[in-house]
């Protein structure tokens, strides 16, 4: 059962990256699904109430930080909620590893897009709205991709995943 829920986490993160790439938005239901999945994972993985509380605190802390970043127009609202929902799964101190991976992945994505935007877009890509928007000079960066990559890289190293994996 846990492996199905973990696959649900990965698929939901990939869904967020897909939506952000295609539309530059991450629907609220994506973050909601991540939170609901965690509600099932926490007891099934043998987490104590104390550990569940720490994960919830990490999620709220991440939401507070990312809402401030949203207010400063540094990230989108969907990115803020996605990061917080993924942070709920990471807990403390694993959220730091997740944040580092997400920052690196987002930085690499930004550099790739900035370089790609310096060159003329191939004509076959111009007909696709999402690629034209991604490659438009001065366009936004779909940071949900970096958040997704950070989460998928960090999660197998988290205490939640390692503990649950030991349960079989």
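Numbering (the numbering used here), first residue to last: 879 to 1046. A virtual CB, placed ideally from N, CA and C, is assigned to each residue, including glycine.
- Closest in C-alpha terms to residue 955, from the list 1010, 1033, 942, comes 942.
- Residue 1019: not part of any alpha helix (DSSP H); DSSP gives it neither H nor E.
- For the 9 Å CB-CB criterion, residue 887 and residue 1029 form a contact.
- At a Cβ-Cβ threshold of 9 Å, residue 931 and residue 963 do not count as neighbours.
- Between residue 1045 and residue 969, the C-beta spacing is not below 9 Å.
- Residue 933 sits buried, since 16 or more C-beta atoms from the chains shown fall within 10 Å of its C-beta.
- When secondary structure is reduced to three states using DSSP, residue 953 falls in the coil class, being assigned neither helix nor strand.
- Within the same chain, Cβ atoms closer than 6 Å to the Cβ of residue 965 are found at 936, 937, 940, 973, the five residues on either side in sequence being excluded.
- Segment contact: the segment 976 to 989 against the segment 1009 to 1024, three or more CB-CB distances shorter than 8 Å; contact assigned.
- The alpha-carbon separation between residue 971 and residue 1014 amounts to approximately 38 Å.
- By the neighbour-count definition (other C-beta atoms within 10 Å, threshold 16), residue 959 is a buried residue.
- Rounded to the nearest angstrom, the Cβ distance from residue 900 to residue 1026 is 13 Å, too far for a contact under 8 Å.
- Out of 881, 891, 885, 879, the CA that lies nearest to the CA of residue 980 is found in 891.
- Under the three-state reduction of DSSP output, residue 1036 falls in the coil class, being neither helix nor strand.
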